[in-house]
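Structure, as structure tokens:
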Amino acid sequence: MKLTINGESRDSAAKDLATLWQEETAELGLSGPQGFAIALNGEVVRRAQWAETPLESGDTVEIIRAFSGG
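Taking this note's numbering, the leading residue of the sequence shown gets 1230, the next gets one more, and so forth.
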């Protein structure tokens, strides 16, 4: 299906946010979900709900990494 991920149009076979997270971490070499948030169509989804949150073609997903700095 066609998704917009962090502003880029991409194809994905992921059916839910948890699967999409696994695809993205494998591709980018990231570790566990600590320090990351996912927004689906402008709404932040709690990590506990990623596996239960389905994706549909045309969805917009933002994967955000929190970090501290000065």
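Glycine is no exception: its CB is placed at the ideal position from the N, C-alpha and C atoms. Since this is a predicted model, take the numbers as computed values, not measurements.
Count the other C-beta atoms from every protein chain shown that fall within 10 angstroms of the C-beta of residue i, then say buried if there are 16 or more, exposed otherwise.
i     : result
V1273 : exposed
L1269 : buried
I1267 : buried
L1257 : exposed
E1253 : buried
Cα separation between residue i and residue j?
i     : j     : result
M1230 : A1243 : 8 Å
A1255 : T1289 : 20 Å
F1265 : G1287 : 22 Å
I1293 : L1246 : 13 Å
L1284 : G1298 : 33 Å
W1279 : T1233 : 17 Å
For residue i, which of helix, strand or coil comes out of DSSP?
i     : result
T1233 : strand
R1276 : helix
A1268 : strand
Throw me the rounded Cβ distance for the residue i and residue j pair, which I believe falls under 8 Å.
i     : j     : result
S1241 : L1249 : 6 Å
Taking the DSSP output, what are the residues bridged to residue i?
i     : result
S1286 : Its beta-bridge partners do not exist; DSSP assigns none.
E1291 : A1268
S1241 : Answer is none; S1241 lacks a bridge partner.
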